[in-house]
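Below: the structure, in structure tokens.
Residue numbers (my numbering), protein chains in the order written: chain A, -8 to 344; chain B, -8 to 344; chain C, -8 to 344.
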């Protein structure tokens, strides 16, 4: 493809040579002559002058004259993704149809063009929507519904009575619908509380590898439309996650907490149970959220507080040695003053009251 | 069931209409007319006036006159759990017997009424106790013993020589008996140390999804009777956990650490290796424990310290801006005083010594 | 074996009775008469006097006269590991050959003496090196290459196009090559960015249980020779880890971060994306690394900073109550002084400027 052809596909404006031929795709650091790359993260803007790429997809506000041809677009990530989907390696495909080794229970409803891979185990009364792929060794429990055009990677376990929407992607090793962690403790002994609720997952949800999403004690744990969950995340019983929220790797959300829409929860953050996180909030990496967060708030740290407040306290904390120095100097000055006053006043030092 | 019938089952005292008919179970926020709910967490007490439930199981000290009928019991969670077990959806059942696709090694001892589901792999010399269920695709390594009446969910991996007690529940994706993480480093190269010990798990233990419990270097990693472990927990080689301890999601316990009985370790806490956590201690969420903790202690924060000490330091930390302000005011006052003293005394300001 | 025979195997110097017969191996706390133990961690040196072991492998600088025979060596861990490998329980073995239940795709190249266990699924064009063991239910995706003499435990999932070196060990439940977590967000909706890169793993790498290592957006996520990764670790797309680095349990490394050689990353630490960690650095447990770390640096805390700086700030933080007390006393003294000065000077207190 030429630079001009690429610009047409992504609806971009070319600055520089349109006729260059592009032979590969790469990151801005690794790109070689003949390759196309892009800049999405502002941090990488200085690399524009250093890259060996022949063409770079850039945000509209970049128009430096550099040796590479530039293709200006509104969203470089999205534009580059489009080209990757066209020019990248052929995605792996799975035969449609049910592999003879798959174990299919009674009264299972399987849609059109479904692929069920080797050693999948589908229990009674499961429903699988049109066009979905069930990977090798996947386990799907009784009464669970997989929506259409979904991709369930190998070794996912989805227990009974889970309801899932369309175009859901679940990566390997993830467990949906395990029992919520609930016990009634009597004289130091913990008695299991039945977890009779379920999990409901909306449309266009993507869930990473080795994630755990527990079923509700009653009612349901809920993952809204468009939610994206990274690897090794823990979502406890009865959690509610609003649509288009992003949950980064190793986050933990405790029981019955409600997370709003379009929230971003960065890696390794933890959220306590029974609280509410407002829409459009951002929770920083490793933050520990211990109380309700209003909408449109950016919190960081542990205990999590307003980002600017947290930065200010962090800055003060770093300056502690300086402040302690000041206290010491003040003590010395006051002692010296005391002596002077004594000279003048002819009495012992002023007492503390 | 009527309110009276429910009260009889849980041994409770009714305040209000005993004859009401209950048609469903729910949480206190979501409950509708005709439903039964309960209050266990004090945080939800104010909702008693707002709930639409027709009956509420409450602790004995709640006797408000509200529109709902109240059923007073000692432990509302436990009482509600009893009703859920009776009135909830029929639990999923697995046929007993060995599925023809299961691979069973030599000299395997299988008790009465055992269910082994499709594609389970049971290696040589394994022993499985009466009444246990081995889920689909479960792997059980050589010489391992599963006790009676246990429930091993699909895709659990238990490696060789692990010993497990009765009534153990293990949720999907958990790995028991992986090698401890041990290397001897010689000139920067890490040589594997054989991990020839094992894991021993007591009776009535429940282990969540995608947990990892490593085998010991020698001797054993030990999980006491009645211990409950949540999802994505890491338990390293040679850890000892005393009975009835609770380990919440994403906790990590490093090698050779000894945790006492009836300890609670809250979510995402980390405990360093080779230390001792006393009986009945509580370790707060996200705490980082770096040294021994005496019995009956509540620690929080990182590095973890006594909860009240930690709260006090946190409070001081929040008030830093105020203290720094005070320092600034003191500096100003002293400077002003210095000038006054100079006026009186007719000399340069007092020097620092 | 006698103490003398053991000393010969490990190349050690005996202090004490060489003729003692050793009947077992154990940790220093648990050891009984007749057993051999060792001291590697300095913390356990005081136990040398208390151990009931008959012989102890010790570092060369220990020569106390105690009742046990000592065997002095340079690296006691390594020496003890040698004896464990000889005297420990026979390791579990797997038949070589392909189990008839394994599903093998087209154009798969399988080396000599390979063992493929029940229900493994090997997709088209996979290559498996000589002497490797593929555990039960392992899934290996299209075009992936497993090197020679590797041990892939049950229930590992390795997706397509992953390249792995020789002598790699992967523990159960680990997922290699899941999609990187990348989305382009347009008006609040997250569009998936294809992840067309792969994962490359060097020789002599060991990876724990339930780890997740994502494939690159393009190019590759890279794990260098001799890297050792513990359980439940998250390694995001395009991360680069230099050789012989150690990554302890529950660590998370965000996208495109470069970790040098011989780095140690302790448990539950988190590293943000797009940064560089220099060679030979140490990152403390639970540290949160937010910016580049130079080589040979030891950082701790969150945000991570130089260990000594962090300890100093922690110490100051603990002394806050004391400093605040000092401020209060200064305020009182100054007020008292102000009164005195007023007496002398006959005017109102000095003003703040």
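We treat Cβ as the ideally placed atom computed from N, Cα and C, and that holds for glycine.
- Taking a contact as a CB-CB distance under 8 Å, the pair residue 246 (chain C) and residue 268 (chain C) does not count as one, their CB atoms being some 14 Å apart.
- A direct Cα-to-Cα measurement between residue 33 (chain A) and residue 175 (chain B) gives close to 43 Å.
- For residue -4 (chain A), the enclosing alpha helix (DSSP H) has its first and last residue at -6 to 1.
- A distance below 8 Å between beta-carbons, with the five flanking residues on each side excluded, links residue 16 (chain B) to the following residues of its chain, in chain order: 26, 27, 28, 71, 74, 75, 78, 79.
- Counting C-beta pairs with one atom in each stretch, the segment 79 to 93 of chain B and the segment 55 to 65 of chain B have fewer than three that are closer than 8 Å, which means they do not touch.
- By the CB criterion at 9 Å, residue 203 (chain C) and residue 165 (chain C) fall inside the cutoff.
- In this structure residue 227 (chain B) touches residue 171 (chain B) by the C-beta definition: roughly 6 Å separates them, less than 8 Å.
- 146, 148, 151, 164, 166, 169, 170, 172, 174, 175: these are the residues of the segment 144 to 175 of chain B whose beta carbon lies less than 7 Å from some beta carbon of chain C, given in chain order.
- Taking 9 Å as the cut-off, the beta carbon of residue 122 (chain B) is found closer than this to the beta carbon of residue 104 (chain B).
- For residue 263 (chain A), the neighbours in chain B by C-beta distance under 7 Å run, in chain order, 276.
- Boundaries for residue 60 (chain C): no alpha helix (DSSP H) harbours it, while the beta strand (DSSP E) harbouring it runs 60 to 64, taken from the DSSP string.
- Not one beta carbon of chain B lies nearer than 9 Å to the beta carbon of residue 297 (chain A).
- Along the segment 218 to 238 of chain C, going in chain order, the ones with a CB nearer than 8 Å to a CB of chain B are 219, 221, 222, 223, 235, 237.
- Secondary-structure assignment with DSSP links residue 225 (chain A) through a beta bridge to A:203, A:243.
- Between residue 260 (chain A) and residue 239 (chain A), the gap from beta carbon to beta carbon is short of 9 Å.
- The beta carbon of residue 153 (chain C) sits closer than 8 Å to the beta carbons of 132, 135, 136, 167, 168, 189, 190, 191, 192, 206 from its chain, once the five residues preceding and following it are set aside; these are given in chain order.
- In this structure, the alpha-carbon of residue 48 (chain A) lies about 26 Å from that of residue 213 (chain C).
- What residue 253 (chain C) touches in chain B, judged by beta-carbon distance under 7 Å, is 179, going in chain order.
- Contact between residue 220 (chain C) and residue 198 (chain C) is confirmed by a C-beta separation of about 5 Å, below the 8 Å threshold.
- Closer than 8 Å at the C-beta level to chain A, one finds these residues of the segment 119 to 137 of chain C: 128, 130, 132, 133.
- Cβ-Cβ separation between residue 196 (chain B) and residue 218 (chain B): approximately 5 Å, consistent with a contact (criterion under 8 Å).
- Identification of residues in the segment 309 to 332 of chain C having a C-beta nearer than 8 Å to some C-beta of chain B yields 309, 311, 312, 314, 315, 318, 321, 322, 325, 328, 329, 332, given in sequence order.
- For residue 98 (chain C), no CB of chain A lies under 9 Å from its own CB, so it is not counted at the interface with that chain.
- Along the segment 46 to 79 of chain B, going in chain order, the ones with a CB nearer than 8 Å to a CB of chain A are 66, 68, 69, 71, 72, 75, 76, 79.
- Taking one beta carbon from each stretch, the segment 320 to 330 of chain B and the segment 318 to 328 of chain C have 3 or more pairs nearer than 8 Å; the two touch.
- At a cut-off of 9 Å between beta carbons, residue 205 (chain C) contacts chain A.
- Below the 8 Å Cβ cutoff, chain C contributes 265 as neighbours of residue 32 (chain A), in chain order.
- The alpha carbon of residue 306 (chain A) has as its nearest neighbour, out of B:319, B:312, B:55, the alpha carbon of B:312.
- Proximity of residue 90 (chain B) to chain C, defined by a Cβ-Cβ separation below 9 Å, is not satisfied.
- Across the set C:69, C:13, C:41, the C-alpha of C:69 shows the shortest separation from the C-alpha of residue 1 (chain C).
- Taking 9 Å as the threshold, the shortest C-beta distance from residue 240 (chain C) to chain B falls below it.
- Along the segment 0 to 17 of chain A, going in chain order, the ones with a CB nearer than 7 Å to a CB of chain C are 16, 17.
- For residue 29 (chain B), the pairing in a beta bridge is given by DSSP as B:48.
- Shown here for residue 225 (chain A): same chain residues with a beta carbon closer than 6 Å to its own, the five before and five after excluded, namely 203, 243 in chain order.
- Between the alpha carbons of residue 60 (chain B) and residue 160 (chain B) lies a gap of roughly 36 Å.
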